[in-house]
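> The structure is given below, and queries will be raised subsequently.
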Amino acid sequence: MSEIFAAYVAAVSAPGGPLDGDTVRAYVSRVRQFLAWLAEAQEAGAVDGDPLGVAHARDGAVRDYRTYLLTVAKRTLSTVNAHLTAVDHFYRHVGLGAAVVKRQEVPKAAPRALSARARTRWLRAAQRADARDKALAYLGYYAGLRGGEAVALDVGDVRITARKGVLIVRFGKGGKYREVPLHPHLRTALDEWITERATWRPGAADTPALFLNRRGGRLSARGAYNALAAIAEDAGLQFGRDGDLTPHALRHTAGTDMIRDGEDIVTVAEILGHSIETARRYSLPTDADKQRAIERLAVDE
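Per this note's numbering, residue 1071 is the first one in the sequence shown, and the count goes up by one each step.
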């Protein structure tokens, strides 16, 4: 089992693969958890057949794992489905194909987005950051880029003229290519960073990467995460999965704001690299919207 997992990690982490860094890390973690559970279940005699070699044994094991995630680990429905997606990816790698296991029905909800107040605090803190981190911070909201898309950008992917500009995402999620018009604030921030980048570190001219680390190489996803976390701290926002803000929340905030400002779903989908169905989620009510609706009910006092 350890050898199979090691081979999977090597394959999914190979440079130039279809998955971005965040997805690779998530899949590796979830597959590791599944295999750890599977080893314990096998040792306890709770698994029939060979789940890593026989299709019907695979299906039974994955169904049992789904039950474990729901009833023992107490995971949310969306988290359970995310684990099953990673497990399916693993099984495709080993040659058995995806397990025949039904996903949990998850109530549709609006993507997690910043409140207007938190958004203002974030943007003001970004203005106080250095040129690189300011441009990086603006990409999430003003262009709706994913973290992996941002660090994959090259200088040549930014086309700036005196009054307009465009950002080229050459290999987004699912291998999608798209061009994003530059918001004036983002255009200015990118122009400032590209000017400063030329003297950032010795050898900066030798790498095509738009965002550089302190040694002059391409900024990693972890390096970008740390830079955004520092800006969030300055804004008084907790950064991370359980905090006020995540890298994806900036993207979701952009989508939510565009939809609520009257932009059509097709346009928003094109800008963010979404399907139309995924972009529709930005029109759904948030928890705050539902709370306000409840509080508006008449009271007889």
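Where is the CB? At the ideal position from N, CA and C, for every residue including glycine.
If you count every other CB in all the chains shown that lies within 10 Å of the CB of Thr1323, and 16 or more means buried, which is it?
Result: buried.
> Classify Pro1355 as buried or exposed, calling it buried when 16 or more other Cβ atoms lie within 10 Å of its own Cβ.
That one is exposed.
> Taking just the CA atoms, how far does Asp1331 sit from Arg1128?
Distance between the alpha carbons of Arg1128 and Asp1331 is about 47 Å.
> For the beta strand (DSSP E) that Val1228 lies in, which residues bound it at each end?
Start and end: 1228 to 1230.
> May I have the straight-line CA-CA distance separating Ala1339 from Met1328, to the nearest angstrom?
Ala1339 and Met1328: Cα-Cα distance of roughly 11 Å.
> So, is Tyr1247 buried or exposed, given that buried needs 16 or more other C-beta atoms within 10 angstroms?
Burial call: exposed.
> For a test of the three-state rule: what should DSSP assign to Gly1244, helix, strand or coil?
It is helical.
> Can you look up Val1170 in the DSSP assignment and give me helix, strand or coil?
Here Val1170 sits in coil by DSSP.
> As a quick exercise: from Arg1240, Gly1245, Leu1252, pick the residue whose alpha carbon is nearest that of Thr1231.
Looking at the Cα atoms, Leu1252 is the closest of the given residues.
> Take Ile1238 as the anchor and find which of Gly1244, Leu1223, Ala1143 has the nearest alpha-carbon.
The candidate whose alpha carbon is nearest that of Ile1238 is Leu1223.
> Output the distance between the C-alpha atoms of Ala1363 and Val1101, rounded to the nearest integer angstrom.
Computed Cα separation, rounded: 41 Å.
> With a Cβ-Cβ cutoff of 7 Å, do Glu1303 and Ala1201 count as a contact?
Their beta carbons are not under 7 Å apart, which means Glu1303 does not touch Ala1201 by this criterion.
> Does DSSP put Val1236 in a helix, in a strand, or in coil?
It is a strand residue.
> With Tyr1352 and Thr1326 assumed to form a contact (beta carbons below 8 Å), what rounded beta-carbon distance in angstroms separates them?
5 Å between Cβ atoms; contact.
> Could you please give the first and the last residue of the uninterrupted alpha helix (DSSP H) stretch that includes Phe1104?
Here the alpha helix (DSSP H) through Phe1104 covers 1091 to 1113.
> Considering only C-alpha positions, which residue in the set Gly1091, Leu1122, Ala1116, Asp1118 is nearest to Ser1072?
When only C-alpha atoms are compared, the closest one is Leu1122.
> Using only the alpha-carbon positions, how far apart do Ala1076 and Arg1216 sit?
When rounded, the distance between both Cα atoms is 27 Å.
> Exposed or buried, what is Thr1269 when buried is set at 16 or more other beta-carbons lying within 10 Å of its beta-carbon?
So Thr1269 ends up on the exposed side.
> So what's Asp1203 in DSSP terms, helix, strand or just coil?
Looking at Asp1203 - three-state DSSP - the assignment turns out to be helix.
> Whose CA, out of Ala1319, Leu1289, Leu1256, lies closest to the CA of Lys1234?
Of Ala1319, Leu1289, Leu1256, the residue nearest in Cα terms is Leu1256.
> Report yes if the CB atom of Val1157 is closer than 7 Å to the CB atom of Val1124, and no otherwise.
No, Cβ-Cβ distance for Val1157 and Val1124 is not below 7 Å.
> Spatial neighbours of Ala1291 within its chain, please: CB distance less than 7 Å, with the 5 preceding and 5 following residues excluded, ordered by chain position.
Excluding positions up to five away in sequence, the list reads Gly1091, Asp1092, Gly1217, Gly1218, Val1221.
> Would DSSP call Pro1254 helix, strand or coil?
If DSSP states are grouped into helix, strand and coil, Pro1254 belongs with the helices.
> Provide the residue(s) that pair with Arg1288 in DSSP beta bridges, ordered along the chain.
Beta-bridge pairing links Arg1288 to Leu1282.
> Spell out the partners DSSP gives Glu1249 in its beta bridges.
In DSSP, Glu1249 forms a bridge with Ile1238.
> What are the partner residues of Asp1224, as DSSP defines its beta bridges?
Bridge partners of Asp1224: Ala1279.
> Between the stretch 1167 to 1180 and the stretch 1142 to 1152, do at least 3 Cβ pairs fall closer than 8 Å?
Result yes; three or more Cβ-Cβ pairs closer than 8 Å.
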